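Peer 1:
There are 2 protein chains.
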Amino acid sequence: MTEEAEVGVDLSPTSGSEQQAPHFLQDVIFHGKFKLLKSLTPEENTQCQHGLYFHDGQRRVDYVLTYHVKKPATGRTSRQSTHLLTENAVARSLRRGRNEHLRHHKKQKARDSSTLPSSPVADVELGCPAETVNGQEDHKMFRREEFEGKLRDMGLELEKDEDTKIAGVGFVKIHAPWNILCREAELMKLKMPTKKVYEVKQLSGVVEKISSLISKVVEPLHPHVEEHQPKNIKHLSHTFSREKQHLFDLSDKDYFFDSKTKSSIVFEILKRTKCKAKYSMGITSLLGSGVYTAAYPLHDGDINEESAVPNDRKLLYEEWANYSVFYKYQPIGLIRKYFGEKIGLYFAWLGLYTQMLIPASLVGVIVFLYGCATVDDNLPSMEICHPKNNITMCPLCDRVCSYWKLSTACGTARASHLFDNPATVFFSIFMALWAAMFMEHWKRRQMRLNYEWDLTGFEDEEHFCCCCCCQPLIITHHTRLWYFKGYWQLESFFYLHGAHIHQFHLCFTVAVRHLCLCPSQDHPRAEYEFRVMQKTLSKDQKSHHKIEKLTCRDRLPAYMTNIVMMLLMIGVTFAIVFGVILYRISTKAALHMSSNPVTRSHVQLTVKTTAAIINLVVILILDEVYGAVARWLTVLEVPKTDKSFEERLIFKTFILKFVNAFTPIIYIAFFRGRLVGRPGSYLYVFESYRMEECAHGGCLMELCIQLSITMLGKQLIQNNLFEIGVPKLKKLIRYIRSKQGAFQEEERQKKLQRYETDHFLEPFAGLTPEYMEMIIQFGFVTLFVASFPLAPLFALLNNIIEIRLDAKKFVSELRRPVAARAKDIGIWYNLLRGVANVAVIINAFVISFTSDFIPRMVYQYMYSPDGSMHGFVNHTLSYFNVSHFQEGKEARDPLHLGYHVEMCRYKDYREPPWSATPYEISKEFWAVLAVRLAFVIVFQGNHSRYGLQ
Amino acid sequence: MTEEAEVGVDLSPTSGSEQQAPHFLQDVIFHGKFKLLKSLTPEENTQCQHGLYFHDGQRRVDYVLTYHVKKPATGRTSRQSTHLLTENAVARSLRRGRNEHLRHHKKQKARDSSTLPSSPVADVELGCPAETVNGQEDHKMFRREEFEGKLRDMGLELEKDEDTKIAGVGFVKIHAPWNILCREAELMKLKMPTKKVYEVKQLSGVVEKISSLISKVVEPLHPHVEEHQPKNIKHLSHTFSREKQHLFDLSDKDYFFDSKTKSSIVFEILKRTKCKAKYSMGITSLLGSGVYTAAYPLHDGDINEESAVPNDRKLLYEEWANYSVFYKYQPIGLIRKYFGEKIGLYFAWLGLYTQMLIPASLVGVIVFLYGCATVDDNLPSMEICHPKNNITMCPLCDRVCSYWKLSTACGTARASHLFDNPATVFFSIFMALWAAMFMEHWKRRQMRLNYEWDLTGFEDEEHFCCCCCCQPLIITHHTRLWYFKGYWQLESFFYLHGAHIHQFHLCFTVAVRHLCLCPSQDHPRAEYEFRVMQKTLSKDQKSHHKIEKLTCRDRLPAYMTNIVMMLLMIGVTFAIVFGVILYRISTKAALHMSSNPVTRSHVQLTVKTTAAIINLVVILILDEVYGAVARWLTVLEVPKTDKSFEERLIFKTFILKFVNAFTPIIYIAFFRGRLVGRPGSYLYVFESYRMEECAHGGCLMELCIQLSITMLGKQLIQNNLFEIGVPKLKKLIRYIRSKQGAFQEEERQKKLQRYETDHFLEPFAGLTPEYMEMIIQFGFVTLFVASFPLAPLFALLNNIIEIRLDAKKFVSELRRPVAARAKDIGIWYNLLRGVANVAVIINAFVISFTSDFIPRMVYQYMYSPDGSMHGFVNHTLSYFNVSHFQEGKEARDPLHLGYHVEMCRYKDYREPPWSATPYEISKEFWAVLAVRLAFVIVFQGNHSRYGLQ
């Protein structure tokens, strides 16, 4: 009691609360009638002090806007307060007669939209003076005043607080009263639980027993999040409607809508409340033009708060955003309750993906172990390693290199067996199936979540109403018309036939919502509106076509830039890969020439490792560059809606990042070692460097090294280091910048209000980076899995950390995101499908072209004299007569091996020097090629039948 | 006026009209008040006489049921009429207080469904006595009485007519009064045009001019069907609701619902009206058990009627079902108006398909002409025909055949160039694109028709209501529970919360409809219900699980039979194909042995033609057999709903007919000539017959012959002959059978009532045969188009006839089908997609393996000394040393050509006798194979990118 008084006394003399005073008093009177008893409890006051409530301790802060404050301008205060009084009168009248107001409100809106194309005369009477003020700050203040006035007009209650502990930041706290919540919930067609509960049918008989046994076993894996209701009882949900209030349990109106819902309702209002300027639509453009600096809902409480009532945020922090619970399921229900469906779906997807990685990595490890176990029984590597097989190989480089014994490649041959054995073929078939299964599983999980979260049909309903009421509007395919004219058409239709407006209330409101208050994804972006206005202004003939849209011709330059830039970026990637190849070739040549024998013996390892690291660094840098380029290109395009903006951005980013990550790998898998030429007529780059060859065991080994370095490096550096480090750094910088004082952060933190604490957090930047990271990882797991069976294991380990890392970020390091409804993961599902489809093709080619699987099979069944692999190595090596070397290309030191070499061998299927057509491609080559291609067809055909394509 | 009186007098003494008398009189009184004036117009009376109206001349006959009549049983008449009076009382009360009745009605239904699992005690009070009657006919009569009583209870009005001109057939004419139509239209959520019209946006500027020009040019192609409203004016449609009657133009209640809608409403009632026996659900099971013999709505009028007011049927007959208008568009709107959406969609699809065939056949003809024009410039055939190229070929059969000159194959080689030239490759790529375009085009057309016919969202709406009300019921996945228990759950939910029933009226009725009156496709079939009841009875423990369903275990035998039978049928097809092959081989061998030189010279032609004809006959016979087998197998399966029955049946029929039609063709395309072996080690069937070889030009020529014979034969015989002949025959038989008298059909026809005339027509058997025919044809057009570029042309010619043939059938030879709503063509679209996908694969293989395209390419770019085709023929022929023939296999007459042959040639890529590995597969073979496979991959990859897969 004393504390509350203190707060009241403390704040009243300040300029910030001065303007609030009448409103504040009035609301105490208004609410006092009902909540006198409640306001006496001490807990409430403590919570109020933490900034979760208005100063009256009654009204919850549902949303916060922040702005820059230079210094309080005393001259405007008096006018401001009178203006506020006017607005409050509107708010009061709203409470008295809701229906009356609504009608007024609707008329107002109708007038707004009708006058919108013309000059905004209507705004003057709403208290937004059209006079121009000097100074940008003052202009911003006017914009703020205008906007806040409109918000009050919409029925929201505001409280300003400029005298906070953070200097230079003013806060506008927004509260949505009950009737506004109801109205908006009805407009947004929120599904709310009714009083009616029903029992979800349990399985019967043996199945029940088994499932209960399983649930007992996995009991410790579930997080300790108490759900209030038993698991098999579910509340029947119904679209909220004020006319059907009796259906809902409204005994506690404070908790009927949870904080997530309230904030999303306020955000919806903020988004659609228009300001004077025609092209600025809602809070988004105000944020963009710096009128406000930030807008966020409040977190439920502190993570470390030691109160009796645990808040959801603390619960999430303890039971989810914690590395010690890494083995547990995620509390998806709670996540959804706190963050909304869109983020809930992301974590559900991530959880399922991680879960599905467990069997994949298990099988992968088994395949790898099989490779390890059979490495000693592998005939080809045994033949290579056998000292008696004194096969003399042709030199690996011109002049400086000499002939070498195949047995020196023994180690590589043995190692490559680990990744190139029959089990790998099985594994890549398994992984293609796994990917299909994962997609199916996710579809099921998504459907189940849709049911559990009452999302079924929420988009269908809009469609339904659309079809039922707006049929004539759909077919015009002219959305601007739809937007303004359609509104009138509809209204006149309903009035014309003498139907009472209430009869069509629901349908009508939905239609209005579609046409004028349409949801975020269908709403034109501020930039788009701005461009359209610009275009309209630039045209002299303003008379006829007032409502314009951007045509293809307007967008042509942007599209052209897009195409050119995308090609350029892809070209850059290719150029860099080529650069790395040149680096490898030249370094190798240089190192081979070195006289130091230690250097020469480590040539292979040094070059490979440094090249892979260079590749990695380039990938990491380009990833950031490409992200920025993609955003810039999308901004250039001026997409119409937020949804299309997001999808275009995601698509471009995906293409660029995908190409960036996989080009070096694809080069190694399919091109390296194929463009070498043959001894005597090697292929030269810049006329001096020979193209690289693979080590004897095939390129699969090198592919594996490149893959593992890229994948692990990306995961460790980009995902974990960047994700942990950069936000911390940013926070630190922001903190230091805004600190400027001397007192300790610890003490400060305690004194800070909730909205001030949240202001220090990083703003939520969307789920795109998280999804992007995961989809690139999915690419690593599925695309080249034939060459790297341990990829799923590494992905699994990364993801176990990733989940908790993301969780920590969302719970404690980010401002609370506005809850967004979503039925599915959108474009990501299509991208996943795309990756899974490409994976089948690439795996088919890796098995048949990169690995030695097909040549081995062909040898065993077509050429082997005894049906075994004996002699396979000999069969794959062609003969070369050293006297056929070109002038100046022969080895400088022909007696390096201690004897005179007449014939050397090289890995290719070519005719021997003594045949009629020496060094021509041999019959074996064509046979192997045919079988390889046949394998690709069979492999693809099989998979397309599994429903992947 | 006099005629009407005569009818009244004529009928009153008969037993049939005696029982109708009170009802009849009563209705005259009832209607007389409102329609006194109307009944006086002479046209009306004429129409009444034609049997389109009840005997009062007012009430239209919306539906007709027929049954067998032995002789009137006088004993039961009195009881019957009292029973009818009771029923009429109900009907009257219904008219007085609709709402009151509705509530009563619903309660009644609720009681019905609650008592349904137990013994049907409730039925006794409704006037259906449970006593058993002797004699099957009497039992049927009781069932009829019961059913008709229930129909009257539902509000329908009936009129019996047993004294018709067709002996032994009784008619029940059904009329649905206005309030019943309204109620059912609301329940069925029919969309009806409102008073509101709107203008469809016209294109502006240049586009408008062009489109108006085009429409002027194609003006004569449009049928002369006057549409009452201008083209760009459309009535806004809204789901019909009795509460919103002011929205609709009800000035003429007789024509608000057209005859198609009325009959479908009556059919809906007939379907869901239950009889005493639990397992018999509606008219379907009554028809099945022979209680009624037929049920059909009436046609609108006569085709040849010479009245002033043209009826829709006559208009359709003149402007659509007429070969003289073959070049015109179809009047799809009128077809839909008369036959309903489902049939409308079929004809729209057929029309689009035919239209799309025009460019395809044009390109096909051009490709064919290109082949004809270039036949003289074709180097390979020139080389073959050149008399200087004296290439001696190995004998085509053992012993009796001798060596032959390649130049004798000149004709075949030239002919095969017609179908095997570069243009063919282009054409098959074009056709794959064409198929994709056709699918896309159809999707667009379908969407447009959906909009034009106000079908948008009609299924979504049901889904919506389902989600909104029945959410708890969906997830149980236990439809029987849903069916009974769900009803109660719902009702109690609504009553519990004190909500007035009218508030949830729409939602509730829809829910009820879903649960108890659910639409045909969701309704369990009578056979299914019967099997469930049998199962329930056979189990002793009737206590607990009253509501049963058929489990997998119950269905296992049927499924096993299905699989076994399907495999057996496919096996039979294969066996027959193999038999034909044997026939060909053995006949050829036999004819070769003949001493008659004329016979021997015609061997090829004779054998090919007879074999193709045998194949055709077998295909035609098996098609009928397979249709019957598929139906039998589906009946065995006891699918739950009509929809699933239809889909399973279609799927099975499709598989069997497809395999049947294409197995011989696939054999020729891919296997023939490949399993021959080589001279000296031929492959023998039954140790005496050599496998067949293709003629020198490749197998493409033979494939073409086989394809054209099968396709043309199928189209001519099956489609046209069967479709025209068989119905005519059936009609004749039925007519003769029912005639038994002596007077002329001509005169009789004139005297017959409408319902009697229609009784002589063939019943409508569904669209399945029509679609099936077309999809097999689509297979012929797309699958092997690479080998037969004229296929689209033949298909086009066939379809132009087919449309009018089908139209004639529907308009004049079939009873009017009940209008069914449908948004799409259902499973057929998927089958079409499947065929289009398979077509890409098959075409890829035909081009690369069957045609000589790839060998020619390979020769030209890899082996040709001068980059031309010179020497190609020589390159494809391998050498054989005649001394290497096996004992007894060599030619009997080695000097047949007049000189001693040492080396003969055969078509294969094998090493020559003088190589180190004689007769081994050569390098060229592998090179060609690799290129062939690469072509398949590229071809498929390209097409999968066009969105086909």
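Protein sequence lines, in the order shown, are assigned to chains A and P. So that you can map any letter, position 116 of the first sequence is 116 in UniProt numbering, and since no number is skipped, the others follow by simple counting. So that you can map any letter, position 646 of the second sequence is 646 in UniProt numbering, and since no number is skipped, the others follow by simple counting. Glycine included, C-beta positions come from ideal geometry on N, C-alpha and C. Predicted model, so just to flag it, every value in this text is computed and none were measured.
1) Assuming I655(A) and M566(A) form a contact by the criterion Cβ under 8 Å, report the distance between their Cβ atoms to the nearest whole angstrom.
2) Just list the alpha helix (DSSP H) runs in the region 621 to 668 of chain P, keeping only unbroken ones of 4 residues or longer that don't cross its boundaries, in chain order.
3) Locate the alpha helix (DSSP H) running through C385(P), then write down its first and last residues.
4) So what's L65(P) in DSSP terms, helix, strand or just coil?
5) May I have the straight-line CA-CA distance separating R79(A) from K244(A), to the nearest angstrom?
6) What three-state label does DSSP hand H463(A) in the structure shown?
7) I'd like the list of long-range same chain contacts for R584(P), defined as Cβ closer than 7 Å, with 5 residues on each side in sequence excluded.
8) Taking its Cβ as the centre, do 16 or more other Cβ atoms sit within 10 Å of Q534(P), making it buried, or is it exposed?
9) For the alpha helix (DSSP H) holding M903(P), just list the boundary residues, first then last.
10) Taking contact to mean 3 or more Cβ pairs, one atom from each stretch, closer than 8 Å, check whether the region 759 to 779 of chain A and the region 641 to 658 of chain A are in contact.
11) How big is the Cα-Cα spacing for K271(A) and I166(A)?
12) How about Y364(P) and N421(P): are their beta carbons less than 8 Å apart?
13) If you follow the beta strand (DSSP E) that N720(P) is part of, which residue opens it and which one closes it?
14) Determine the contact status of K643(P) and P727(P), defining contact as a CB-CB distance below 8 Å.
15) Starting from V572(P), trace the alpha helix (DSSP H) both ways and give me its first and last residue.
16) S878(P) by DSSP, collapsed to three states: which one?
17) Just to confirm before moving on: does the CB-CB distance between K823(A) and N322(A) stay below 8 Å?
18) My assumption, with CB atoms under 8 Å, is that L877(A) sits in contact with R856(A). Please give the rounded CB distance.
19) Are the beta-carbon atoms belonging to L616(A) and T573(A) less than 8 Å from one another?
20) Is the region 811 to 826 of chain A in contact with the region 335 to 350 of chain A, if contact means three or more CB pairs nearer than 8 Å?
21) Is the CB of Y483(P) under 8 Å away from at least one CB in chain A?
22) Does any residue of chain A bring its CB to less than 8 Å from the CB of W320(P)?
23) How many angstroms separate the CA atom of A373(P) from the CA atom of T408(P)?
24) If the criterion is Cβ atoms closer than 8 Å, does the pair A669(P) and C699(P) meet it?
25) Hey, is G805(P)'s beta-carbon within less than 8 Å of any beta-carbon in chain A?
26) Would you kindly work out how many angstroms separate the C-alpha atoms of R722(A) and L805(A), rounded to a whole number?
27) Looking at the C-beta of I937(P), does it have a partner C-beta in chain C at a distance below 8 Å?
28) Contact criterion: CB-CB distance below 8 Å. Does L783(P) meet it with respect to chain A?
29) With distances taken Cα to Cα, identify the nearest neighbour of H896(A) among K216(A), S402(A) and P769(A).
30) From the DSSP output, which residues share a beta bridge with W404(P)?
31) What are the start and end residues of each continuous beta strand (DSSP E) run of 3 or more residues lying completely inside the region 152 to 220 of chain P, in chain order?
32) Using the Cα positions of L213(A) and I613(A), report the straight-line distance between them to the nearest angstrom.
33) Quick one: any contact between the region 280 to 290 of chain A and the region 838 to 858 of chain A, if contact means 3 or more CB pairs under 8 Å?
Peer 2: Reading off the structure:
1) 7 Å
2) 642 to 666
3) L379 to C385
4) strand
5) Low local confidence applies: a pLDDT of 40 at R79(A) is under 50, so the model's placement there is unreliable, with the coordinate-based value given in what follows. Approximately 42 Å, taken between the alpha carbons.
6) Its pLDDT being 35, under 50, H463(A) is placed unreliably by the model, and nothing is read from it.
7) V607, A611 and E692
8) exposed
9) Looking at the DSSP string, M903(P) is not in any alpha helix (DSSP H); the run it does join, the beta strand (DSSP E), is M903 to K907.
10) yes
11) 26 Å
12) Note on identity: in this sequence residue 364(P) is Gly, with Tyr being the wrong assignment. Cβ atoms of G364(P) and N421(P): not closer than 8 Å.
13) Element bounds for N720(P): n/a, residue is neither H nor E.
14) no
15) C552 to M593
16) strand
17) no
18) Their Cβ separation, rounded to whole angstroms, is 14 Å, which puts L877(A) and R856(A) out of contact at 8 Å.
19) no
20) yes
21) Confidence at Y483(P) is low in this model, with a pLDDT of 31, below 50, so the placement of that residue is unreliable and no value is reported for it.
22) no
23) 22 Å
24) yes
25) A small correction: the amino acid at residue 805(P) is Leu; Gly does not occupy that position in the sequence shown. No, L805(P) does not count as interfacial toward chain A.
26) According to the sequence as given, residue 722(A) is Phe; it is not Arg. In a straight line, the C-alpha of F722(A) is about 12 Å away from that of L805(A).
27) The structure shown contains no chain C; the protein chains it does contain are A and P.
28) no
29) S402(A)
30) M393(P)
31) 157 to 161, 169 to 175 and 191 to 199
32) 50 Å
33) no
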